[in-house]
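Asks: Chains as they are written, first to last, in our numbering: chain A, 60 to 209; chain B, 60 to 209; chain C, 20 to 186; chain D, 20 to 186.
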Amino acid sequence: KKEAFMTSFNAINENFKDIFNQLSGGEGGLILEDEEDPLGGGMTIRARPARKSFHRLEAMSGGEKSLTALAFIFAIQRFRPAPFYALDEIDMFLDGANVEKVAKLINDVSQVAQFMVVSLRKPMIQEARYILGVTMQENNISSVTGLCLS
Amino acid sequence: KKEAFMTSFNAINENFKDIFNQLSGGEGGLILEDEEDPLGGGMTIRARPARKSFHRLEAMSGGEKSLTALAFIFAIQRFRPAPFYALDEIDMFLDGANVEKVAKLINDVSQVAQFMVVSLRKPMIQEARYILGVTMQENNISSVTGLCLS
Amino acid sequence: MHIKEIELRNFKSFGRKVSIPLENDFIAITGPNGSGKSNIIDALLFALCLSSSRVMRAERLPDLIYKGENGKNPDFAQVTVRFDNSCHTMPVEEDVVEISRKVKLTKDRYHSVYSFNGDTCSLSELHDILSRSGITPEGYNVVMQGDVTRIIEMNPTDRRKIIDEIA
Amino acid sequence: MHIKEIELRNFKSFGRKVSIPLENDFIAITGPNGSGKSNIIDALLFALCLSSSRVMRAERLPDLIYKGENGKNPDFAQVTVRFDNSCHTMPVEEDVVEISRKVKLTKDRYHSVYSFNGDTCSLSELHDILSRSGITPEGYNVVMQGDVTRIIEMNPTDRRKIIDEIA
Ligand SMILES: Nc1ncnc2c1ncn2[C@@H]1O[C@H](COP(=O)(O)OP(=O)(O)OP(=O)(O)O)[C@@H](O)[C@H]1O
Ligand SMILES: Nc1ncnc2c1ncn2[C@@H]1O[C@H](COP(=O)(O)OP(=O)(O)OP(=O)(O)O)[C@@H](O)[C@H]1O
Ligand SMILES: [Mg+2]
Ligand SMILES: [Mg+2]
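#1: Grouping DSSP H, G and I as helix and E and B as strand, with all else coil, what is C:Asp138?
#2: In angstroms, rounded to a whole number, what distance separates the CA positions of A:Ile78 and C:Ile185?
#3: List in chain order: all unbroken alpha helix (DSSP H) runs of 4+ residues lying wholly within the region 26 to 78 of chain C.
#4: Do you know whose CA, among A:Ala106, A:Met102 and A:Gly100, lies nearest D:Gly53's CA?
#5: Compile a chain-ordered list of the residues in the region 47 to 58 of chain D whose CB is closer than 7 Å to at least one CB of chain A.
#6: Once DSSP output is grouped into helix, strand and coil, what is the label at A:Lys111?
#7: Using 8 Å as the cut-off, can you tell me whether the region 161 to 175 of chain C makes contact with the region 57 to 75 of chain D, which would need three or more C-beta pairs spanning the two stretches below that distance?
#8: Apart from the five residues on each side of it in sequence, which residues of its chain come closer than 8 Å, Cβ to Cβ, to D:Ile48?
#9: Hey, would you say C:Asn104 sits closer than 9 Å to C:Met163, going by beta carbons?
#10: Which residues mark the beginning and the end of the beta strand (DSSP E) in which B:Phe152 is found?
#11: Under 8 Å Cβ-Cβ, which residues of chain A neighbour C:Gly87?
#12: Out of B:Ser83, B:Ile132, B:Leu98 and B:Tyr144, which has the shortest C-alpha to C-alpha gap to B:Met119?
#13: What is the chain-ordered set of residues for which the beta carbon lies under 5 Å from any non-hydrogen atom of ligand 1?
#14: Excluding five sequence neighbours on each side, which residues of the same chain lie with their C-beta closer than 6 Å to the C-beta of B:Ala187?
#15: Which residues, in chain order, does the region 85 to 99 of chain B contribute to contact with chain D at a C-beta distance below 8 Å?
#16: What three-state label does DSSP hand A:Arg180 in the structure shown?
#17: Label D:Glu113 either buried or exposed according to how many other C-beta atoms from any shown protein chain fall within 10 Å of its C-beta, with 16 as the threshold for buried.
#18: On the DSSP letters alone, give me the boundaries of the alpha helix (DSSP H) that B:Leu124 sits inside.
#19: Just the C-alpha distance for A:Glu86 and A:Phe113, rounded to the nearest angstrom, thanks.
#20: Are the Cβ atoms of C:Lys123 and C:Val132 separated by less than 9 Å?
#21: Can you list, in chain order, the residues of its chain with a C-beta nearer than 8 Å to that of B:Gly100? Leave out the 5 residues immediately preceding and following it.
#22: Just to confirm my understanding: we take C:Pro40, look at its own chain, exclude 5 residues before and 5 after, and list those with CB closer than 8 Å. What are they?
#23: Along chain B, which residues have their Cβ under 7 Å away from the Cβ of A:Asp154?
#24: Pull out every residue of the region 109 to 139 of chain A whose Cβ sits closer than 9 Å to any Cβ of chain B, in chain order.
#25: Using a Cβ cut-off of 9 Å (strictly closer), state whether C:Asp82 contacts chain B.
#26: Would you mind telling me which residues of chain A sit closer than 9 Å to B:Met151, beta carbon to beta carbon, in chain order?
#27: Can you tell me which of the three DSSP states B:Arg188 falls into?
#28: Is D:Asp147 near ligand 4, going by C-beta to nearest heavy atom under 8 Å?
#29: Between the region 156 to 173 of chain A and chain D, which residues of the former have a C-beta closer than 7 Å to a C-beta of the latter?
#30: Residues in its own chain within less than 6 Å of C:Asp61 by CB, not counting five upstream and five downstream?
#31: How is A:Gly205 classed by DSSP in three states: helix, strand or coil?
#32: Ignoring anything shorter than 3 residues or poking outside the region 68 to 100 of chain A, list the beta strand (DSSP E) runs there in chain order.
#33: Are there any heavy atoms of ligand 4 lying less than 8 Å away from the beta-carbon of B:Val177, as far as the coordinates show?
#34: Under DSSP, the alpha helix (DSSP H) around C:Lys126 begins and ends at which residues?
#35: What residues match up with C:His130 in a beta bridge as DSSP calls it?
#36: Can you name the start and end residues of the beta strand (DSSP E) that C:Asp103 belongs to?
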């Protein structure tokens, strides 16, 4: 059991370091509270955005927390892909430049997995290959446009 | 005590109806759980976005909840103004059209009160009279530009 | 394996039968506030049994059935998800796999029915088939609105458990 | 009455002394993720005693003191807020009112000092002066990042209490 955990952990950690660097230009890593007995302790994330010093995870800004969380999600995706991903406004805390970075990453990963991303931000919508429009008709009934090429 | 409460409640409720209609085109109101003994019960909000039927508050979308919450905050402001308002990314769930509506409302109210609004959305920044830019220098130190006319 | 189509009937704000065609690519879902975008994600969670009604912003399952203003409201809601299974990730021969869930109201009781390729099945059978193809309630392939920083704010033990599930 | 200027010294990411001039108008504060925008709002909460350290994303008050990479870090943080009081909303003669709070670290203990127009004062004196001009911890004039829908998600009794405070 410990073997299986450590194999997964090490692979996901490698992915996390790579993807966190790609998204934020900084250094990050997953840290086990108890390396000897990993299942006895928790796991924390150490992340240093570009040109900054290490701070406690709670002190990060909304945008920095989002990038760190997304790097973790994509690190898992790379190790154990799911058949589809449904992400609802994951870009709500991100500034324009970071929305573009995340959109480009999703575009890369969408070569091997299906992504449905709800978003209100232009850089994300423009990067997608297809756009599904949703509107509200009279009497409170939702309807969708067909898939349009972006 | 009940008198004072009811005077405040009625005035704020009138404001809420007016502002909710201005922001979302629908009908809304503040409802006391116990009209006879207001301080014995709670207060809920009934809000019907334009062209929709009434639903439970929890069923509303992120954007609809934000508009409803903002209508309540501005209803209080109109009754008992504070010297300043500091709002941090209140537009994060709003689509472009709703960001514009809220920005215009803030612009109106800023005739009588000072507003400091942290935002990443263009329609909000463009509506402001002044822009304060914040940047991160080397060694993790923040600095600000002066106030620029928008 | 990917989702070819999602069909909603009387599910939340989707009062008419709506079929949403999908491709195996990067799809952006967009539209005004309150138009029904998050309801589509809720429909996936409902059909694939990935969460409780609380997460779908409903107190009880019947709150998921469309309710309009004018008179007669339907007494059932149904969501059908069609997967492209041509690579046989799901351990069945068919090239298209259809998973459906219906909640039906009779007087003031309600029950929900699951089906796999047209045959009724139990919740645990469905969980079993789905988890073998990497679709589990603990999986991080669905992120709800407002939830993106949850991984950062949770406690270290719960965070480690995410890896436990994968191992 | 409005805020004329906020001065930050070693407060969170503001490692140098920074003065932020303000006007009595609609000001948008913008900049990249992590640049320090929310830290300015935290500075207002700190100086005007509107919240606990938890809300300012700090475990203890000393976490609010600037910490850089290279060597010697300061042992204090201070925020000064200057109000234009020409309409005498605050019950004092001066046209400009200055409220300041400083947290100082000595060995591993720390203490915080409040001052009003240059004279040291207690927390309760400060609360008293501020609440007479409409600045209270329960007031809805400050909305933190991610908190905009809190009013909708709180329980009905707490929501009613917002009106109680105002009455
Ligand atoms: N059972 C139901 N019958 C009819 N309408 C419903 C039902 N349940 C929820 N709704 C409506 O669905 C709408 C919410 O849709 P949804 O949350 O998908 O919006 P959204 O497009 O995600 O918006 P946002 O951009 O603000 O997040 C609400 O207006 C709500 O009243
Ligand atoms: N005591 C401290 N010393 C130095 N830096 C600090 C300190 N406390 C917090 N920080 C840094 O301040 C930054 C966060 O700033 P802030 O939350 O104001 O960003 P923001 O501009 O609001 O970003 P966003 O747009 O993502 O919300 C973090 O990078 C954090 O590491
Ligand atoms: Mg939504
Ligand atoms: Mg911020």
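Think of the CB as a built atom: it goes at the ideal place given N, C-alpha and C, for glycine as much as any other residue. On a predicted model such as this, the values are computed, not experimentally measured, just so you know.
Replies: Here's the rundown:
#1: strand
#2: 19 Å
#3: 56 to 66
#4: A:Ala106
#5: So the close ones are Pro51, Asn52, Gly53 and Ser57.
#6: coil
#7: No, the region 161 to 175 of chain C is not in contact with the region 57 to 75 of chain D.
#8: Hits under 8 Å: Lys56 and Ile59.
#9: no
#10: No beta strand (DSSP E) holds B:Phe152; DSSP gives it neither H nor E.
#11: Asn198, Asn199 and Ile200
#12: Residue B:Ser83 is the option with its Cα nearest to B:Met119.
#13: B:His114, B:Ala118, B:Ser120, B:Gly121, B:Gly122, C:Lys31, C:Ser32, C:Asn52, C:Gly53, C:Ser54, C:Gly55, C:Lys56, C:Ser57, C:Asn58, C:Tyr85 and C:Lys86
#14: Ser209
#15: Result list: Leu91, Glu92, Pro97 and Leu98.
#16: coil
#17: Exposed is the call here.
#18: The sequence shown places Lys at residue 124 of chain B, rather than the Leu named in the question. Its alpha helix (DSSP H) spans residues Gly121 to Phe138.
#19: 9 Å
#20: In contact: C:Lys123 and C:Val132 (Cβ atoms closer than 9 Å).
#21: Leu91, Glu92 and Asp93
#22: Lys23 and Glu24
#23: Below the 7 Å Cβ cutoff, chain B contributes Leu179 as neighbours of A:Asp154, in chain order.
#24: Arg110, Lys111, Ser112, His114, Gly121 and Gly122
#25: yes
#26: Gly121, Glu148, Met151 and Phe152
#27: coil
#28: no
#29: Ala156 and Asn157
#30: Met75
#31: strand
#32: 86 to 91
#33: yes
#34: Per DSSP, C:Lys126 belongs to no alpha helix (DSSP H) and is neither H nor E.
#35: C:Lys123
#36: Where C:Asp103 is concerned, the enclosing beta strand (DSSP E) stretches over Phe95 to Asp103.
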